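Novice: Sharing a structure, written as C-alpha cells. Questions coming.
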C-alpha cells in the first residue's frame, strides 16, 4: 500500500508540475519579441529581427543597421550599432551603481548621467562631446514614473542663445497590457529608450515645446496616437500609429506587426 501511495504521489507531482509549467507558458510572463514588420503609409515594408540568449538580447537587426548588446552580471553594459557594411555607427557604454543606471556614454558623441531622487523621479543631464573631448551641456531634465511606466519627461535646453529659454516635455498614456520589450533582461534600465522601457504600451503621447525670449513665448503641441490588437496573453500583435517615425525613416501612418 505504501508503494502504491508513493507511486500516486509521484504521478500527481509530475502532473501538477506539468500543469504549472503550461500555465506559466501561457500567462505571457516569459514571452519575447522575435520580429516586427512595419508598413508605412507609402507601402514601404521594414522588418526588424530580435535575437536572444535566454532572456538576454543579443542583437536587434533591421534593414539599415544592427545593434549588438553586451551583458555583465545581468545588466546591459554596451551596445554597438553597425550599418549593413559593418561600419561602426555608434558605441554606447552603460555604467550602474547598485543595479541602477547612472551613466550612458556614446563614445565620442555624448554622455548622459542620472540621479535617482527620493520622490522616485530621475534627474538627468546630457553633455555633447566635441573636439579634444570637450563637453558642452546640451540639456537637463526629469523623468517621472508611475506603475513601472514612464509617464512624463521634462527637458530644458542649456546650449541656447543668451536670454532664450527653450523647454520640451512629453507625456504618455498607457494601456494595461504587456509591452513586448519588457521581458528582455536589463532592458527596462536603459532610461534613454523612452516609453520602450515601460511595463505597458503607450496609447497617446503628447509633445509640447516652448521657447521664450523677451517675454514672448511661442509653443506648439503634437499628439501621437496608437491603437493595438492583442493575443490571448495580452501582448500586442498589431499597432497602428499616427504621425509615427518608422525605423526606415518614413513619417506618417505606420502599422507594426509583432511576432513572438
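Residue numbers (the numbering used here): 25 to 284.
Just so you know, even glycine gets a beta-carbon here, dropped at the ideal spot from N, CA and C.
Note that this is a predicted model, so its numbers are computed, not measured.
From 267, 256, 97, pick the residue whose C-alpha is nearest to that of residue 66; which is it?
Specialist: By one-based count along the chain shown, residue 66 stands at place 42. Cα-wise, what sits closest to residue 66 is 267.
Novice: Starting from residue 81, trace the beta strand (DSSP E) in both directions and tell me its first and last residue.
Specialist: On the chain shown, position 57 is the one that residue 81 refers to. Residue 81 -> beta strand (DSSP E) spans 80-85.
Novice: In three-state terms, what does DSSP make of residue 208?
Specialist: In the chain shown, counting from the first residue as 1, residue 208 sits at position 184. Of the three classes helix, strand and coil, the one that applies to residue 208 here is coil, per DSSP.
Novice: Pair every Cβ in the stretch 131-144 with every Cβ in the stretch 222-239, then say whether three or more of these pairs are closer than 8 Å.
Specialist: In short, these stretches do not touch, since the Cβ pair count stays below three.
Novice: Using 10 angstroms around the beta-carbon of residue 214, count the other beta-carbons present and answer buried if the total reaches 16, otherwise exposed.
Specialist: Here residue 214 refers to the residue found at position 190 when the chain shown is read from its first residue. Buried, by the Cβ-count rule.
Novice: Quick check: what's the CA-CA separation for residue 118 versus residue 250?
Specialist: Walking along the chain shown from the start, residue 118 turns up at place 94. Walking along the chain shown from the start, residue 250 turns up at place 226. The alpha-carbon atoms of residue 118 and residue 250 are separated by roughly 31 Å.
Novice: Let's test the definition: count the other Cβ atoms within 10 Å of the Cβ of residue 151 and tell me whether it reaches 16, buried, or not, exposed.
Specialist: The residue you call residue 151 lines up with position 127 of the chain shown. Looking at its Cβ environment, which holds 16 or more other Cβ atoms inside 10 Å, residue 151 is buried.
Novice: Could you pull out every residue in the same chain whose Cβ sits closer than 6 Å to the Cβ of residue 281, ignoring the five residues on either side in sequence?
Specialist: The residue given as residue 281 occupies position 257 in the chain shown. For residue 281, where only same-chain residues beyond five positions count, the Cβ hits under 6 Å are 61, 262.
Novice: Beta-carbon separation of residue 86 and residue 75 under 9 Å?
Specialist: Sequence index remark: in the chain shown, residue 86 carries index 62 (1-based). Sequence index remark: in the chain shown, residue 75 carries index 51 (1-based). No, these two residues do not count as a Cβ contact at 9 Å.
Novice: Please report the straight-line C-alpha distance between residue 196 and residue 179, rounded to a whole angstrom.
Specialist: For the purposes of this step, residue 196 is taken as residue 172 along the chain shown, with counting starting at 1. For the purposes of this step, residue 179 is taken as residue 155 along the chain shown, with counting starting at 1. Each residue's alpha carbon lies about 15 Å from the other.
Novice: When you compare the CB positions of residue 146 and residue 169, do they come within less than 9 Å of one another, or not?
Specialist: Mapped onto the chain shown, residue 146 falls at position 122. Mapped onto the chain shown, residue 169 falls at position 145. Their beta carbons are under 9 Å apart, which means residue 146 touches residue 169 by this criterion.
Novice: Taking 9 Å as the cut-off, decide whether the C-beta atoms of residue 108 and residue 204 are in contact.
Specialist: Residue 108 sits at position 84 when you count from the first residue of the chain shown. Residue 204 sits at position 180 when you count from the first residue of the chain shown. The answer is no: Cβ separation not under 9 Å.
Novice: Going by the beta-carbon positions, is the gap between residue 94 and residue 104 smaller than 9 Å?
Specialist: Working through the chain shown from its first residue, we reach residue 94 at position 70. Working through the chain shown from its first residue, we reach residue 104 at position 80. Yes; because the gap between Cβ atoms is below 9 Å, this pair is in contact.
Novice: Please confirm whether residue 259 and residue 284 have their CB atoms less than 9 Å apart.
Specialist: Indexing the chain shown from 1 puts residue 259 at position 235. Indexing the chain shown from 1 puts residue 284 at position 260. Closer than 9 Å, so yes.
Novice: Which word fits residue 148, buried or exposed, when buried means at least 16 other C-beta atoms lie within 10 angstroms of its C-beta?
Specialist: Taking the first residue of the chain shown as position 1, residue 148 is located at position 124. Buried, since its Cβ has 16 or more Cβ neighbours within 10 Å.
Novice: Kindly give me the distance between the Cβ atoms of residue 230 and residue 252, rounded to whole angstroms, as I take these residues to be in contact under 8 Å.
Specialist: For the purposes of this step, residue 230 is taken as residue 206 along the chain shown, with counting starting at 1. For the purposes of this step, residue 252 is taken as residue 228 along the chain shown, with counting starting at 1. Not quite, the Cβ-Cβ distance comes to about 18 Å (not below 8 Å), so this is no contact.
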